[in-house]
Amino acid sequence: MAVIRSIIRGVGAHLPKRIVTNDDLAKSLDTSDEWIQERSGIRQRHIADDTELTSVLGAAAAKQALVRAGIDPVEIDLVICATATPDRTFPATAVRIQQMLGVTKGAAFDVQAVCSGFVFALTVADTFLKTGQFNRALVIGAETFSRILDWGDRSTCVLFGDGAGAVVLEAQPQHTGRDDRGILSTRIRSDGRYEDLLYVDGGPSSTKTVGHLRMNGREVFRHAVQKISGVIEETLVETGFAADEIDLFIPHQANKRILDGIAKKLNVSPDKIVMTLDKHGNTSAASIPLALNQAFEEHRVKEGSLILMEAMGGGFTWGAVLARW
Ligand code: UT7
Numbered sequence: 004m005a006v007i008r009s010i011i012r013g014v015g016a017h018l019p020k021r022i023v024t025n026d027d028l029a030k031s032l033d034t035s036d037e038w039i040q041e042r043s044g045i046r047q048r049h050i051a052d053d054t055e056l057t058s059v060l061g062a063a064a065a066k067q068a069l070v071r072a073g074i075d076p077v078e079i080d081l082v083i084c085a086t087a088t089p090d091r092t093f094p095a096t097a098v099r100i101q102q103m104l105g106v107t108k109g110a111a112f113d114v115q116a117v118c119s120g121f122v123f124a125l126t127v128a129d130t131f132l133k134t135g136q137f138n139r140a141l142v143i144g145a146e147t148f149s150r151i152l153d154w155g156d157r158s159t160c161v162l163f164g165d166g167a168g169a170v171v172l173e174a175q176p177q178h179t180g181r182d183d184r185g186i187l188s189t190r191i192r193s194d195g196r197y198e199d200l201l202y203v204d205g206g207p208s209s210t211k212t213v214g215h216l217r218m219n220g221r222e223v224f225r226h227a228v229q230k231i232s233g234v235i236e237e238t239l240v241e242t243g244f245a246a247d248e249i250d251l252f253i254p255h256q257a258n259k260r261i262l263d264g265i266a267k268k269l270n271v272s273p274d275k276i277v278m279t280l281d282k283h284g285n286t287s288a289a290s291i292p293l294a295l296n297q298a299f300e301e302h303r304v305k306e307g308s309l310i311l312m313e314a315m316g317g318g319f320t321w322g323a324v325l326a327r328w
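Here the sequence shown is numbered in my numbering, starting from 4 and rising by one per residue.
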């Protein structure tokens, strides 16, 4: 029986020009390169200047993905931008990106699931493509977290960075076999009981300010390995693949120790895990497409590769997407 699947046709990424190293931060903050690397695996991050808005980074990533896909922007009928740092409260950053690219048909909107945003956005796009309502989607993860960091709070500001990544999805008929290409499984989860462990202490409705990111890092860490491993295990059970059949794990990049913990729990070889944390820090919704882009540029993703993307973030939100390139 034939089914419609969302095929990943292209990937792209864009990072702000300015790089800030751990040593740069240690000049004005009571921290050290040694502490940041040992506790998180981060060595540097890119920080956007005033002209590098979330939409600007997202549009640049999207353009690269479209060129690699060989798809003209006028053929795109769905633009979803995963972001927690929109240019404006409204309209959606996706609409601004649509305008920058010259996309005029279909729909464009943002998805807000913080660090899980790209997994949520992929899930939404895949669901629409499978219904036949849209045919070609741009799914973007773009963030300028530097704008919402408290640069005096060493426990959070050293961890995050700015950037964007994007994929182009196209609806194509496939058989329902194990060698099908495209998105094979999506799972998204939220549990609002944990909303106070990672949040921004501002917003138009509550304080009328933008606010700053606040995190109970130790508690978030405690939940991360368990929740992410759980959703990966569910995905494997549902699709019938064994963990060692996955060619590449493309995780959200929050902490190297979290990724090592998941690898150990699932008995996955560390060389199958794409790591960009050292260069980008935690870029929230942008981290998965940035990592996917790196894997693509290093020729680690090839046609037929089975890839598993996963994330967890504020809310809590978490989820996983299994796809064959
Ligand atoms: O992407 C969304 C999801 N986010 C995450 O998954 C983040 C999860 N959490 C983490 O990655 C880790 O908890 C952190 C990297 C945030 C922190 O690592 P930790 O091992 O949990 O450290 P900690 O918070 O327990 O802090 C240990 C010590 C504290 O000092 P005391 O109380 O032991 O004297 C902190 O004050 O390290 C201190 N500290 C720092 N020292 C130097 C905290 N931040 C810094 C810093 N430099 N930047």
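Built from N, CA and C at the ideal position, the CB exists for glycine as well.
Quick caveat: nothing in here was measured; it's all calculated off a predicted structure.
Should G355 be listed as close to the ligand UT7, given that the test is whether its C-beta is under 7 Å from any heavy atom? With the chain covering 4 to 328 only, the question about residue 355 has no answer from this structure.
Counting Cβ pairs closer than 8 Å, one from the segment 58-70 and one from the segment 23-42, do we hit at least three? Too few Cβ pairs lie closer than 8 Å, so no.
Residues bridged to V212 [DSSP beta-bridge criterion]: Checking the sequence, you will find Thr at residue 212 rather than Val. Beta-bridge annotation (DSSP): T212 is paired with G206.
Can you tell me the Cα-Cα spacing of I310 and A227, whole angstroms? Distance between the alpha carbons of I310 and A227: 20 Å.
Do the segment 281-297 and the segment 101-121 touch if we need at least three Cβ pairs shorter than 8 Å? Three or more pairs of CB atoms, one per stretch, sit closer than 8 Å, so the segment 281-297 contacts the segment 101-121.
Would you mind reading off the limits of the beta strand (DSSP E) that contains W38? Segment D36 to S43 is the alpha helix (DSSP H) holding W38; no beta strand (DSSP E) there.
Taking a contact to mean a Cβ-Cβ separation below 8 Å, would you say G144 touches F121 in this structure? Taking 8 Å as the cut-off, the Cβ atoms of G144 and F121 count as close.
Which of helix, strand or coil does DSSP assign to I22? Strand at I22.
What are the residues that DSSP puts in a beta bridge with T92? Answer by DSSP bridge pairing: none, since T92 is not bridged.
Closer than 8 Å by C-beta to C160: which residues in its own chain qualify, once you throw out the five before and the five after it? Chain order, please. Answer for C160: L28, L32, L152, D153 and W154, listed in chain order.
D113: first and last residue of the uninterrupted beta strand (DSSP E) it sits in: In this chain, the beta strand (DSSP E) harbouring D113 covers A110 to V114.
Does the beta-carbon of R181, which I'm using as the reference point, lie nearer than 7 Å to any heavy atom of the ligand UT7? Flag unset: Cβ of R181 not near the ligand UT7.
Should H302 go down as buried or exposed, given a rule of 16 or more other Cβ atoms within 10 Å for buried? With fewer than 16 Cβ atoms within 10 Å of its Cβ, H302 is classed as exposed.
Can you tell me the Cα-Cα spacing of I186 and G316, whole angstroms? If I take the Cα positions, the gap works out to 22 Å.
Go through its chain and collect everything with a Cβ distance to D281's Cβ below 7 Å, but skip five positions before and after it. Taken in chain order, the residues that qualify are G44, I45 and R46.
Beta-ladder partner(s) of E173, from DSSP: In the DSSP assignment, E173 is bridged to I10 and R139.
Sort out for me which residues DSSP pairs F163 with in a bridge. DSSP output for F163 lists N285 as bridge partner(s).
Close-in-space but distant-in-sequence residues of the same chain around A266 (CB under 7 Å, 5 per side omitted): The residues P273 and I276, in chain order, have a CB closer than 7 Å to that of A266 in the same chain once the five nearest residues on each side in sequence are set aside.
Mind the definition here: the segment 53-61 touches the segment 241-255 only if three or more C-beta pairs lie below 8 Å; say whether that holds. Below 8 Å, too few C-beta pairs join the segment 53-61 and the segment 241-255 to call them touching: fewer than three.
In whole angstroms, what is the alpha-carbon distance linking H49 and P19? Each residue's Cα considered, the two are about 6 Å apart.
Residue closest to V213, alpha-carbon to alpha-carbon, out of T92, K108 and T107: Minimum Cα distance to V213 is reached at T92.
Which residue wins for smallest C-alpha separation from T167, given the options E173, H178 and E146? Per the sequence presented here, residue 167 reads as Ala, with Thr not at that position. Each of E173, H178 and E146 was checked against the Cα of A167, and the nearest Cα belongs to E146.
Do L69 and F137 have their C-beta atoms closer together than 8 Å? Taking 8 Å as the Cβ cut-off, L69 and F137 do not qualify as a contacting pair.
Is any heavy atom of the ligand UT7 found at a distance shorter than 7 Å from the C-beta of G155? Result no, Cβ not under 7 Å from the ligand UT7.
Can you check the segment 213-249 for any beta strand (DSSP E) of at least 3 residues that lies completely inside it and give the ranges in chain order? At a cut-off of 3 residues, the continuous stretches assigned as beta strand (DSSP E) that sit fully inside the segment 213-249 are 216-218.
Relative to the alpha-carbon of V106, which residue among S119, I83 and A246 has its alpha-carbon at the smallest distance? The shortest Cα separation from V106 among S119, I83 and A246 belongs to I83.
Between L269 and A246, which are expected to be in contact by the criterion C-beta below 8 Å, what is the C-beta distance as a whole number of angstroms? Contact flag correct, Cβ pair sits at about 5 Å.
Comparing C-alpha positions only, which one of Q101, G284, S9 and V304 sits nearest to T126? Of Q101, G284, S9 and V304, the residue nearest in Cα terms is S9.
Going by CA-CA distance only, name the one from S308, G322, N296 and V324 that's closest to H17. Measuring C-alpha to C-alpha distances from H17 to each of S308, G322, N296 and V324 identifies N296 as the nearest.
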